[in-house]
Each structure stands twice: as structure tokens, then as C-alpha cells.
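These protein sequence lines are chains A and B, in that order.
Be aware that the first sequence starts at 50, since it is given in this note's numbering, and climbs by one per residue.
Be aware that the second sequence starts at 50, since it is given in this note's numbering, and climbs by one per residue.
2 protein chains.
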Amino acid sequence: METNIDLQKINSPADIRNMDENELKSLAAALRRPLLDKLSAHGGHVGPNLGMIEAIIALHYVFNTPDDKIVFDVSHQTYPHKMITGRMAAFTDPNHYDDVTGYTNPRESEYDLFSLGHTSSAIALASGIAKARDLRGGKENVVAVIGDGSLSGGVAFEGLDYGATLGTNFIVVVNDNDMSIAENHGGIYADLRLLRNTNGTADNNLFRAMGYAYRYVHYGNDIPSLIKMFRSVKDIDHPVVVHINTMKGMGLPVAEAHKERFHYSAPFDLKTGASLSSPAAATEPEDYADIFANHLLMRMKERPELVAITAGTPGSIGFGPGRRKEAGRQFVDVGIAEQQAVAMASGLAKGGARPVVGIVSTFLQRAYDQFSQDIALNRQPATFVVFYGSMFGMNDETHLGFFDLGLLSNIPDLLVLTPTCKEEFLAMLRWSEDQTKQPVVIRVPGGEVRSDSSIKITDDYSQPDYEIVREGSRVALIGVGTFLPTMKEAAELLSTNGLDPMVINPREVSQLDKTTLDQLRNFDVIVTAEDGIIDGGYGQKVASYFGDAKVKVINLGLPKQFRNRYNAAELQHECNLTPEQIAELVQKALK
Amino acid sequence: METNIDLQKINSPADIRNMDENELKSLAAALRRPLLDKLSAHGGHVGPNLGMIEAIIALHYVFNTPDDKIVFDVSHQTYPHKMITGRMAAFTDPNHYDDVTGYTNPRESEYDLFSLGHTSSAIALASGIAKARDLRGGKENVVAVIGDGSLSGGVAFEGLDYGATLGTNFIVVVNDNDMSIAENHGGIYADLRLLRNTNGTADNNLFRAMGYAYRYVHYGNDIPSLIKMFRSVKDIDHPVVVHINTMKGMGLPVAEAHKERFHYSAPFDLKTGASLSSPAAATEPEDYADIFANHLLMRMKERPELVAITAGTPGSIGFGPGRRKEAGRQFVDVGIAEQQAVAMASGLAKGGARPVVGIVSTFLQRAYDQFSQDIALNRQPATFVVFYGSMFGMNDETHLGFFDLGLLSNIPDLLVLTPTCKEEFLAMLRWSEDQTKQPVVIRVPGGEVRSDSSIKITDDYSQPDYEIVREGSRVALIGVGTFLPTMKEAAELLSTNGLDPMVINPREVSQLDKTTLDQLRNFDVIVTAEDGIIDGGYGQKVASYFGDAKVKVINLGLPKQFRNRYNAAELQHECNLTPEQIAELVQKALK
């Protein structure tokens, strides 16, 4: 029954629209093979893409893209979409694997409407496209495709709520694979399960309650069923939710069986699923997520009121399934709902518990208002540990770790600590868990875990108190977090040139230690280096403080720019952030 | 039937718990009288408080506060709560009207759990309190009280979604008066209406779909009905929503009839509802909201693709009911849903429409992620007009306008313009509406509307291009937005002392005009003044730029602090932001 499909002849959805249903099934099989090869050799979002091959074929088959508009939420599921919209070689030819990004990207194709990588926004974005269409009297279909896991994010609900009032064509495809990155958490998931179990007929229906017509496709990986359904809603004149039941990881047994492990994966063995990351994979280097989780598990046993919180990314903070089980009710996954995670932490602290929220830099910005109002203004003693807040972390333009430092350190009454090594990280974490006076953010250093037993630990991090790591004169090098070791190296280089630079670990970026800074007033040069954009960051506070002084202040960090798939070493060099460049800048400034 | 109640004897909820139902009804009447007097004489949130007197009495009567915990969403409805929790004099004695804030405040009372003024967070906060209780094995009731209008905010949904999974006592009281600040917008409101019309029996039930048990009280201003219901859910062992149907503005005919006008009101005549703000009230001074709305209405007629957007605060941006009607489908109120407003604007721009979002400074921070990801990263040409981003705006600690400037200007590819007068504001707005290259934020100046026909208008605001308002030497005074006139005055003062300061209008805060700044490299002093906190703001960028130069840079603005009900003139003085102080600082720096 399988027809032979020549993938190289598929340059756009027009090339699949004349196929019959058997050919489309063969197309799905034909797409799956190179996709599996690329995923296993190159890494990427495994489960979401494998589960959506059929639905994406059916969408492009039925809807007249690119005139009809499809917005893919978070775009974790768009590799098959890229394959049939003119980018096949990036999936079939290993030499071209990196020609495309892992997310939709309008610079790649007119079929990609937005550069997207944060969840839950597709319905809101699509509602704007639909409204623009209505204003100009257009007739094209507007489709938002969103996963069940993404539905827990507040903006998804705001989009659903508004979208229901459009009164015109608006199609929300809910891709329900019964999983977020990890398992789902939230009251709506019981309803989705009920709908799946009743073939969509249950009275209790979230989508109808929000004002949508509702359709259900039980075999969401069956192309004929999908085509029939999409045809039935094409050109519909009112908002409708099409709920499709799909299999995450479809067609790869290890991914079907281990959905969390294979949401995203680095290169792996296609048969066993084993990681291929390095021959020494058995002894992977220690990472801060493990250090964090192990520390918390240990302390949870002593302190029943200690509770760890994640917003849908337990793996990123070291809490895989085993550790979650061990933590029991002292671990809370609120689902992809950062605002809930941060506001709930405020409530927990108010109620006498000791909340520790582990959160990824690029996602914490979704809860800025809660950091400001619920946490800082109310001075609730919650602890926030920020992962990947670094140029040495994730490097997709949608997932940059450049912005959290300035964002959080400019909120009043929020202490932002910047440890430089494992020992300091743990000391700050322990201190913050034990104190009950204020909210604290601890920013995990970037790059590999560094151990430094010479670091000076204190028993109170609440007051600005810079550590002078190396005494010196004329030149002061202030290295924030990740960049303390860099500054120490730069100092060594300068000392071989007859200079004697002071090196400072500021420990925090939210308050200035004026006592220490005032010692530098008659220095010649101060250099600050931070792991984030310069604008709004730490260094500019130092420059402002010394605005009326003679000492030269040089602020190093990243320019205020989005970057996509950058090379960290190149970026570091571009920003004058290597020890050699810093030493050179100092020499030049002294002239 | 009415019993005489001596309000002065009510010092805590304990004093009402021995009353019978007739006495409680009399209490409601007795509370309403001074509340009306205070509201009409002093101003405040009229409708929300009048509608909740009975429910708040019943809550404190049934629940054992403060051991049982009640979190009031946005706390617009907490005046009656304050009256019966030890703060009666602040409502009965005009000399003490200002003893309390308009919001819950833990510094006032142990019955107030949080300082709250942004909507939609109560369920999330309460879920943390409930979880903390569960971790320590407590048994107290945890109650969140939230209005129907606040339900459209994403964090309300995130809280509902998580709260449903607590599996223990968790009571969400939905105070449904069929109104947001203005009318409600969103699909959920059709469901709330259906529930009201079916006495809570409809199958289509948002709250059940989200995993809650559900109860309905049709007479939400009837104390016996409320008491009966609250008793029935007290000590419940699972999450429940109690939906109460209340009358906004209850007991004040003009407020019952004009719910939007009387959501919040400045002092007014109790009988007629007429504003008492000033004898010349008939000729109120022009404000930027009117200027904005009138301009947009005019342009909408020429441009059918122009669309104005608000997130539930149409009045704050000049769109009262009449202008909304006039704008027709070119005006969109998405409900209290800032993330939706900003993401939808991205979709509108992508779809070829010209969106203009009017948004209040303190609320825009709820959509930071959408500004960064959906707008800036995608470079969608939407326009955002920020109201009350100023120290001369709202002065409650929950509603400060100090933070938006740094927040937005540190996002890459987002142009933040800072007009200084009406003419410049309109020129920038017109330019932004017409250009299709980039997202633009325009920050309305603070204080009274200023007209300045000498301002230099340009036909392109995309590139940094500072206006030199006054040529000069040695001293440069850079006045951002609100503070340009202040800098001009300071220059006049200095010029009488033989100095010749340059005065600069930077026009924007997101990029530096290095060509102009480089002219100042050999000046003696540069002063920057901005209407927001110094940390992360504009001035620090200038200080950093001149870090290696001899010129002294003095950054003026506000300290990084929350302030509550401050006096703007005093704060201005405290921050050295008067012309006299600036002149003095310059003289000192020159010595």
C-alpha cells in the first residue's frame, strides 16, 4: 500500500495537495524517516515533532497556506512543517541540518509567521491576525495550533477568552498528547482527559464554556480523520476549537515510552535511546541543576516546610522523575505558568513555608509583574534560583539568558545575588532558605561548574559587601558571577606587566557596596564585566556612581541585541570579555 | 426592623459574630452610610465597595478571620473589610480619612494579607497560602475573593488551574457584578451570564470544567443567603468556587445606573453624581487621554486599518462609552489581559493593520514577555502609548509609574520615545502610526499638558537625533520627557550666573545619539533628569558612555524604591529635581 514518495520534489504545500490519502500516508512515513535520522544525529525536539507529522500534513493539505494563516505555538512541533514548506534539505541532508533553526522563523519562509519559542502565545497572536483580516474584509482562515501543555500559560487563556468574541473565522487546534514537557499539572487536564475518554462528548467542556464551538478527533495521527475534520471547519464563520488526540513521539518506540526524556533530546541512539553526547557519557560533568536538586532534597528532609517549585520545566532545575518522587509533596510543578509559580511563592512564604523557585532565565520574564508586586513590594522571603542566565547557556534568539540581570536587579527590595562558583552558590542558597526577611534571587553562574574553595563565604548576604579577591592599586576589575575567574586571569596578565590590579567579587548586583567602591575613587581605571546586556545592568550603576569622579569606568557585557544561534566564544571575543582583551583595555585606558 | 448599630463598638470581626441576621442587615445599612459620605467627599472605588458590603460582612461572620485567610483580589472592594477589622474611624471621621490606603495593606492590619492593587493575582496567592497550610498540616480555611472582571487576567486562570489540583480546602468566591471597570469582554462572560440566568444550573460551566465544585448565590447582596452558602463551604475538603451575583454600586442609585463612571470616582455630589473636583469643572484642563483619543478617532476615519486597543482600562486612555461607540470595530477592549493586548497587537501588525495600544505604566509590566518576544524580537510595527509613566501620576505603592522607562528601553529593537509636550507627542504618534518598520513606545509626559510650539518636529523618529533646545557650552542639561521644561528653567537660572548651559531634548531613551553626545566630551558637566528610577534608566547609559571621559555626569531621577501615597512635589525636591536644585548641583560640580 505504501507509495514511493520523492521528498526532493516537495518544495511547497502545493506539491502535496494533489496527493490522495494513501500517498499522504506514505508521505508521513517518508517524512518520519529522515526526521528520525536528523533528530537522533543532531538532537532537537523529538516527541512534539514526531507526534504532529500527520496533523501538519493534513493542515497544509486542507488549508490554503500561505494565504490561510497558521500560527504554531512555541513552534516545538514545526520540523514537519518546515520539511513541506521548502526546507526539505535541512532535514534530509546532514550538510544542511543547520540551515534552519529549531523554531518558526519568518526570515526562513513566508509560511512562518513569527519567531516563536515561548509557549502559550499562539492564540493571542492569531487573534490579532484574524482581527486584521476582519478589518480589511478578508476571508482567509486563521488557525492557531497549540499543545495541551501550553494551555496552562495565562496568555493562552487570555487569547482563548478574547478569541471567542471575534465572531468570525477562528480555528484553534488543540494538539493534546496528554503531556507538557513533563506530565501536565492543572485542573484543565482532568477535563481534557474526560473529553478524550468520552470521544469529545462530555458536558463538562472547557472550550464550550469559553464560548467556542467544539470538535474532537480521537485518532489525531490518522490523516483521513484529520482531513475530514479540517475540511469541516475550513471557512467556518465563528470560533471553533478542534481538539485532536495525538501520540507524542509517534513512530519511535523509546520516545513513545519515555515522553519526558524525549520531549527534547541531544543526539541519541535510535534503537536504544541512549545518549550519544560523549564516550564518557557515563560520567557526565556535574551541573548546577544536579547540585541544586541534590542540595534541596537533602534539606527538605530536615525542613518539612521547604518546597521547590517549577513552572513546567522540572528537568531544567534537576528534578527528573526520580527526584520528584523523592521530594513528594515538597515539590510543586504548577505547569507552564510562571506567574502562578512566582505569586504562589509569595503566598507560600506568607503562609510560613520556605519556597524555592527554580526558573529558567528566559521564562522568568513572563512573571515580571509578580516579582515586582507580589514578591518585592510585599517583601516575601521566597528564593528564586535562575538557570541559564548567561551568554554560555541557550543560544536561540527566543531563549536568550541576557536580560534577567537588569530586569530583576532594578526592582526595589529584591536582592539579586551572583555567585561565582559552586561553593558560593550553595552558601547563598542555604543562607536564603534560612532567612525570613526578604526575597532573594540567586543567579546560577554560566559555563561549566567551577569549584573554588578559596571563595570567602559569609553568614549574611543581605547587605552589600564586596569580596576583595585580590588586593591591588590603580586598577580595579569587578567580575560579576561568571566573569570573576576571567577578571582574575586578566589581573594575572596585568601583573606580569608591572601592574597590581585589585579584583572584586561584588556578590550581588542589586545594591552598591559604597564603602568598598569609595576606596576606588582615586584609582585610575575600574572595569566591570557582567554576563548579560550592559544596558540597565550592574556596570552602568557603577559608572553612574562614579559619574563625578576622575576614575575611568569601563563597562563590559553584551550589547542590547537579540542574537540567534551565536557562538559563545565568538560573542565573548566580540564583547572584549576575554582576559587578554580586558588586560589590553586596561593598558590602553592607563595611557 | 432596622436595629441601631453603634459602629464605634465594632473593632474586629469578633464584634459582629454574635449578631443575628437582622442586626447584620442593619450593620450593612450602617456601614453604607459613612461609606457613601467618605466616597462622595474623598473619592475612591465606589461601585466595587458598595456592592460587596453584604458579602464582606458574611465572610467575616462565617469565617474565623484572621485565622481563616481571605485574599481580596486587587482589593478595590475592601473598604467594608477595613471598617470591620479595626479601622472604622478612617471611614466615619473625616479627619482620619487618610489614615488608611485604598488597598489591603499588611502594615495596617493582620487581616490584610498582601499589599495588592493589580488584578487577578488573588487565586495564585491564596493557592500558596493553602499549600503552606497543607505542608504544616493546618486546618484553616483559605478564601480568595475575585471579581468577574479580574478573571480575564492570565494569572487568574493560572491560579484557578493550579488551585483545582490542591485537593484540600480552597474556596474561590467569584464576585460577579457583570462588570469589569467598564463592561466585560471575553468568552467566559457569556458563560457567567448563562450561569446567572440559570441560577447556576447550566451544564456549560467554566469552573466545573476547570475541576472545581461549584455553588451559586443569586442574591449576592442578601446576607442570610450568603451566610448559608459560606457556612456550607466552610471547612470543605476540596476546591470549590462560590459564584455570587452582586450589584455593583448597590445602594447609590447613580452608581447602580452608571457602573463604569462610578467604578472609581473623584469627589462627587451624592444626589446627582456630578463631579465636585473644582468649581470650574465644566472646563476641565485638557489631558493626554483626551488628546490621544481625539487624535485616533480623527485618524481612524482616514485609515480603516487603524485600531486602538486597551486591556480593560478604556477610560484611562480617553475612550469613554461615547468614543468607543464612535470608533466601532476599530476599538478593541480585550478585558483585563495585558498579555493579550500586546501579543494581539503583534498579530494585528503582522496582518497589516495598524495597532495602537494605550496602556497604563504600572500595568504594562504584566506583558513584559510579549513586549520582548512577540513585539520586539519580531519587529512588529505596533505603537504603544504609555499613560501615567511619571512621578506626577498615580501615587499608590501598587500603581507607581517609575519603572516602565528602564523596563522597556532595555529591550532590543524597541524604540522608546519621550515627548516633552503636546505637539511633540502628536508628531511622534502620527509618525509611528504611519511607519511600518518597527515597534514604538511613546511615553506620555507627566503633569499637566504643556504646549510648546517651539519644539522641533521631525519626520523620522527612528534614529537617535537629539534636539539641542538651547545652544551652550561647558554644561549640558539633558531633560527627558517631563523634565525638559525643568532643565530649561535650570539653564535660565545658571545663565544669570554667567554660565551658558546647553539644553538637550533626547526625544528617546532607547538609543544614544552619539554624534550629539560626542560634542559634550570636553564639557565640564552633564546632568540628566528622567521621570523614573535612575537604576536601569537613561542617565546611566549616558554615564556609562562617558565612563572614560573627564566630563562629570550627574544622573537625576528617582531612587529605586517603592513609595506609598507620596507627595510629588516633596519627592521632586528630595530627588534634586527642581530647577533651583539642578542649578545648584551644577555650580557645585563646577567648583
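Beta carbons are placed, not taken as given, at the ideal position from N, Cα and C, and that holds for glycine.
query                                                                                                                      : result
Chain B within 8 Å of Y8 (chain A), Cβ atoms only                                                                          : The structure shown does not extend to residue 8 (chain A), since chain A is modelled only from 50 through 640, so no value can be given for it.
CB contact below 8 Å: Q512 (chain A) versus chain B                                                                        : no
M16 (chain A) burial status per 10 Å Cβ neighbour count (16 or more: buried)                                               : In the structure as shown, chain A starts at 50 and stops at 640, and residue 16 (chain A) therefore has no counterpart that could be examined.
Stretch pair the segment 102 to 111 of chain B + the segment 123 to 134 of chain B: three plus CB contacts closer than 8 Å : yes
L664 (chain A) vs G196 (chain B) beta-carbon contact at 8 Å                                                                : Lying outside 50 to 640, the shown extent of chain A, residue 664 (chain A) is not represented and no answer is given.
Contacts of R378 (chain A) in chain B (Cβ-Cβ under 9 Å)                                                                    : K180, D183, L184
Limits of the alpha helix (DSSP H) - the one that H344 (chain A) falls within                                              : 337 to 351
Local Cβ density within 10 Å of G216 (chain A), reported as buried at 16 or more and exposed below that                    : exposed
Within-8 Å CB hit, Q484 (chain A) to chain B                                                                               : no
Contacts of I603 (chain B) in chain A (Cβ-Cβ under 8 Å)                                                                    : G596, D597
DSSP bridge partner residues for H94 (chain A) (one or two, in chain order)                                                : A:Y313
R257 (chain B) at chain A interface by Cβ criterion, 8 Å                                                                   : yes
Coil, strand or helix - L325 (chain A) by DSSP                                                                             : coil
Rounded Cβ spacing between T577 (chain A) and V591 (chain A) (contact assumed at less than 8 Å)                            : 5 Å
Inter-residue spacing [alpha-carbon to alpha-carbon] between F420 (chain B) and R556 (chain B)                             : 21 Å
Residue-level contact to chain A via CB, T592 (chain B), 8 Å cutoff                                                        : Reading off the sequence shown, one finds Ala at residue 592 (chain B), where the question assumed Thr. Taking Cβ atoms only, chain A reaches closer than 8 Å to A592 (chain B), which makes this a yes.
Rounded Cβ spacing between L475 (chain A) and S559 (chain A) (contact assumed at less than 8 Å)                            : The Cβ separation is near 20 Å, so there is no contact.
Alpha helix (DSSP H) runs wholly inside the segment 166 to 218 of chain B, at least 4 long, in chain order                 : 171 to 185, 203 to 212
M137 (chain A) - DSSP class collapsed to helix/strand/coil                                                                 : coil
Beta-bridge partners of L15 (chain A), as assigned by DSSP                                                                 : Nothing can be reported for residue 15 (chain A): it is not among the residues displayed for chain A, which extend from 50 to 640.
CB contact flag (L243 (chain B), N233 (chain B), <8 Å)                                                                     : no
Outcome for I220 (chain A) when other beta-carbon atoms lying within 10 angstroms are tallied against a minimum of 16      : buried
8 Å contact criterion, which I358 (chain A) and P404 (chain A) should meet: CB distance rounded                            : 6 Å
DSSP bridge partner residues for T14 (chain B) (one or two, in chain order)                                                : Coverage of chain B is limited to positions 50 through 640, which leaves residue 14 (chain B) absent and any answer about it impossible.
Local Cβ density within 10 Å of N546 (chain A), reported as buried at 16 or more and exposed below that                    : exposed
Listed by chain order, chain A residues near A394 (chain B) by CB distance under 9 Å                                       : G177
Residue-chain proximity (H234 (chain A), chain B), Cβ-Cβ < 8 Å                                                             : yes
Spatial distance of M536 (chain B) from A425 (chain A) (CA atoms)                                                          : 33 Å
Contact set between D284 (chain A) and chain B, taken where Cβ atoms lie within less than 9 Å                              : Simply none; closest approach about 18 Å.
Reduced DSSP category for Q621 (chain A) - H, G, I as helix; E, B as strand; rest coil                                     : helix
Beta carbon of N459 (chain A) nearer than 8 Å to that of K609 (chain B)                                                    : yes
Cβ-based neighbour list, P83 (chain A), same chain, cut-off 6 Å, excluding 5 preceding and 5 following                     : F140, T141
Nearest-angstrom Cα separation, counted from Q484 (chain B) out to E351 (chain B)                                          : 16 Å
Check whether S326 (chain B) and V95 (chain B) have beta carbons under 8 Å apart                                           : no
Interface residues of the segment 214 to 235 of chain A facing chain B [CB-CB below 7 Å]                                   : T214, H234, G235
Option in B:T134, B:T627, B:S75, B:G93 with minimal Cα separation from E541 (chain B)                                      : B:T627
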